[in-house]
Amino acid sequence: MEDYLKGLNESQFEAVTTLQGPLMVLAGAGSGKTRVLTMRIAHLITNGVDPFNILALTFTNKAAKEMKERIAKVVGQSNAKSLWMGTFHSVFARILRSEAHYLGYPSNFTIYDQQDALNVLKKVIKDLNIDGDLYKPKKVLSRISNYKNNLITVRAYENNPELIEADEKANMKFMGKIYKKYVDECFKNGSMDFDDLLLKTNELLTRFPEVLAKYQDRFRYILVDEYQDTNHSQYLIVKALASKFENICVVGDDAQSIYSFRGANIYNILNFKKDYPEAVTVSLEQNYRSTQNIVNAANVVIAKNLQQFKKNVFSENEEGEKIKVYRSLSDADEANFVAGNIWELHNREQRKFSNFAILYRTNSQTRAFEDALRRKNIPYKVYGGLSFYQRKEVKDLLGYLRLLVNENDSEALMRIINYPARGIGETTQNKLIVFADAQNLSISKVLDSLPIYAPHLGFNNGVITKLSDFWSMIKAFQVLLKTETAYNVAMEVAKRSGLIKFLKDDQTPEGISRVENVQELMNSMQGFIEEQMQIEDGDPSLPNFLENIALSADTQDKKNGDEDMVSLMTIHLSKGLEFPVVHLVGLEENLFPSFMSSSTREDLEEERRLFYVALTRAEKQAFFSYAVSRFQWGKITDAEPSRFLSEVDDEFIEFLNPAIEKRFINNSGITSNIFDEYPSEMRSFKKVEKKTISKSESDKPIAEPRKLKPVSTAKIINPSGASSQDIEVGD
Ligand code: ATP
Ligand code: MG
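For the sequence shown, counting from 1, position 214 maps to 214 in full-length UniProt numbering; every step adds exactly one.
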């Protein structure tokens, strides 16, 4: 037997070695699902399947990278390299690039991240003279995202009275108008947002059978990790691609479905047997990751959810320490405790910093921890949040680069047309936008023929000169791109555009760090080029670099490698990962469960799944903490302990502030204790639970998680409105 098969238990072995036909592994956290997927790919290759024919979809880029490394160990680097493995977005962006012409897109289309999309939306809302206070771009974008992920195109929306009515009821009657203009605008800019990458892939596979056939033949074996968090759009792509050979293997855990707010549909995994009646299903019960104490505690909590597949998960690892609970005075105090604790364990137990994770519910909680860690000189890395590539100075330089690659990207163009300031003021910019809109031209086209259009625009000679100078500079950069490496071009851009000089003029610490960030971007580009040169079919081009960073939001750091650092991330981002020691922080009502989530049972159950995900990341030790007051929304607010704390039975936890506990238990005042000024009782959270969720509420039937009505037939239109075609997208 091959070595890599030896370490598997019986069920894992079955899942790894059943190579043909549909297969589903539905199993609890830490039971080896991802390991099974990895070994199965290795096994396919060992059994003669060409890696070229394998497609593996993961939830994060990080997961894809780790998996590939593990597979390479079994089957060798060169085999592992030809695998298609990555997130849905990165894999299908690549396919869309080669097939873009089918959809009327340029192959160098820009990928808009959320911030770009929001900028476009802001402009759309303004152009339509719609009240931006009522139509907050974030809210509007999330609705549009919801439409797209359910394959409701503009046309489908316009033909769906129920949706229109629902939006009217929600006081959002202009949604249709905004949606249409937003889609038009993106198309005109030659750009796709993240949801488009899936929506357009669906369009491509549905409208063009020859394209579908090509990729069906190519991807004979399809594997999907974290299948419980696929949305409708992703589900349809996988289904279409797998429908010829039906060699599809999905692994997931319904108890870890935590993305319903982004359209994830838990029924994709629960209905797998319906889609593929022949499917072999395997369940895994042994958790290899965590101590018994952690596994049992997690089981007890998740059992409180009504909506779930009952699973038996056990651990044969050591019993382990109890989960330690720390009650802090404030968010700063909590952060100090966590940093101090990490420092102590690092010294006392010789734990590496990379053994630790700090997990929180929302990104805004990061800052206090960063401060505390910095004070103790503990190295750390923040994942997600405002990523390096989203910092203004970085985006500004990227704006230039994006424009060089795709001239039609008006979002990028307007970002840098007067940055650094070159006398092209707002009035001029507005005239350009309005004129281009009216002529249905991109701004770049107007600039291309400025002498012809200038009289209609009413520009004086001074303005014309400034615009021509700017545009000639861009054109010169484009010429450079043909002969120079991406790095050299970027360097030229940074210098000749005046960007570096502008940033260097600001000698404040922030200014200096901005220059460093631009330098860091250049470094990351150099690193990327070198990396690509080492890969057989590597692509060190600027478009590929830009695509890579647009899609790497989850691995915010540009540096790779395993530096010894504490990891800070939201629970959402921690899915699939594991750490010897986990600090789960901010366990307070209205924070976790979040304020928005405690009103309906479905939302609360999703928060509980999130709690389950967080706890099951821990291998050896878990620490819970909460603060009794927290600086939030600009003021100090009182906080109550999270109901989830009370859902973990006493036998699994131990309190780190025994003095407080004693005071509560004895009900006798303790005089000289720093906590005295905080009168709330130690275990008051036992009461919170009953107060906030009523019995009747938890008895309510469960609604399907998909918020929108399923569409059996949607119409996809070419966003330009030029041509359209109906497509079947029924499930
Ligand atoms: P999650 O639900 O959190 O994604 P998972 O089911 O994907 O978890 P893995 O990450 O694959 O679980 O495995 C959890 C840990 O257990 C890993 O460190 C893995 O190497 C280890 N493991 C899995 N199966 C075995 C086994 N048969 N023997 C020893 N270790 C194992
Ligand atoms: Mg996993």
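The C-beta atom is built at its ideal place from N, Cα and C for all residues, glycine as well.
Problem set entry | Terminal residues of the alpha helix (DSSP H) in which Q390 lies | According to the DSSP assignment, Q390 belongs to no alpha helix (DSSP H), since it is labelled neither H nor E.
Exercise. So, I529 versus T465, is the Cβ gap smaller than 8 Å?
Worked result: no
For this session: In the DSSP assignment, find the alpha helix (DSSP H) that holds T230 and state where it starts and stops.
Result: Neither: T230 is in no alpha helix (DSSP H) and is coded neither H nor E.
Problem set entry | Rounded straight-line distance, which links the Cα of K376 to that of L83 | 43 Å
For this session: Grab the span of the alpha helix (DSSP H) containing P451 for me, first residue to last.
Result: 450 to 457
Exercise. If you check the beta carbons only, do I248 and A240 fall under 8 Å apart?
Worked result: Taking C-beta atoms as the reference points, I248 and A240 fail to come closer than 8 Å.
Exercise. Is there a Cβ from chain D that is less than 8 Å from the Cβ of A264?
Worked result: Of the protein chains in this structure there is only one, and it is not chain D.
For this session: Identify whether S444 lies in helix, strand or coil by the three-state DSSP scheme.
Result: helix
Exercise. Of all residues in the structure, which have a C-beta closer than 7 Å to any heavy atom of the ligand MG, taken in chain order?
Worked result: K33, T34, D225, E226, G576
Exercise. Counting only runs that start and end within the stretch 534 to 593, where is the alpha helix (DSSP H) found for 4 or more residues in a row?
Worked result: 542 to 550, 571 to 574
Problem set entry | the stretch 226 to 237 touching the stretch 196 to 212, judged by at least three CB pairs closer than 8 Å | Touching, yes, given that three or more Cβ pairs across the two stretches are closer than 8 Å.
Exercise. What's the C-alpha gap between K18 and D193?
Worked result: First, the residue type needs correcting, since residue 18 is Thr and not Lys in the sequence shown. So the two alpha carbons sit approximately 37 Å from each other.
For this session: Could you tell me the distance, in whole angstroms, from the CA atom of L542 to the CA atom of S330?
Result: Near 47 Å, if we compare the C-alpha coordinates of S330 and L542.
For this session: Quick one: using the 10 Å Cβ neighbour count with 16 as the cut-off for buried, is H456 buried or exposed?
Result: exposed
Exercise. Is the CB-CB distance between Y147 and Y179 below 8 Å?
Worked result: yes
Exercise. Mapping DSSP to helix, strand and coil, what is Y259?
Worked result: coil
For this session: Pick out whichever of R207, V25, I294, M522 has its Cα sitting closest to the Cα of N317.
Result: Between N317 and the set R207, V25, I294, M522, the nearest pair of CA atoms involves I294.
Exercise. For R289, is the beta carbon positioned less than 7 Å from some heavy atom of the ligand ATP?
Worked result: yes
Exercise. By Cβ distance below 7 Å, which residues in the same chain neighbour L577 in space, the five residues on each side in sequence not counted?
Worked result: R617
For this session: Measuring alpha carbon to alpha carbon, tell me which of G340, N312, A297 ends up nearest E285.
Result: N312
Exercise. Given that a residue counts as buried once 16 or more other Cβ atoms are within 10 Å of its Cβ, and exposed if not, what is R348?
Worked result: exposed
Problem set entry | Alpha-carbon to alpha-carbon, E619 and F579 | 6 Å
Exercise. Between A622 and A332, what straight-line distance do the alpha-carbon atoms span, to the nearest angstrom?
Worked result: 20 Å
Exercise. What is the DSSP secondary structure of P51, reduced to helix, strand or coil?
Worked result: helix
For this session: List the whole-angstrom C-beta distance separating S524 from V585, where the pair is believed to meet the contact cut-off of C-beta under 8 Å.
Result: So it is not a contact: roughly 30 Å between Cβ atoms.
Exercise. Who pairs with K381 in a beta bridge, going by DSSP?
Worked result: S567
For this session: Note down the Cα distance separating E547 from I111, rounded to an integer number of angstroms.
Result: 7 Å
Exercise. Can you find a heavy atom of the ligand ATP that lies under 7 Å from the Cβ of T616?
Worked result: Checking every heavy atom of the ligand ATP against the Cβ of T616, one is found closer than 7 Å.
Exercise. Residues in its own chain within less than 6 Å of K33 by CB, not counting five upstream and five downstream?
Worked result: V25, A27, V251
Problem set entry | Local conformation of K709 per DSSP, three classes | In this prediction, K709 has a pLDDT of 35, which is less than 50 and means its spatial position is unreliable; nothing more can be read from the coordinates.
Exercise. Hey, out of A372, A436, F13, L610, whose CA is closest to E334's CA?
Worked result: A372
Exercise. Does DSSP put Q621 in a helix, a strand or coil?
Worked result: strand
For this session: Quick one: residues in its chain with C-beta nearer than 6 Å to the C-beta of L55, no 5 flanking neighbours on either side, listed in chain order?
Result: W84, F219, I222
For this session: Would you decide whether M533 is buried or exposed? Buried here means 16 or more other CB atoms lie within 10 Å of its CB.
Result: exposed
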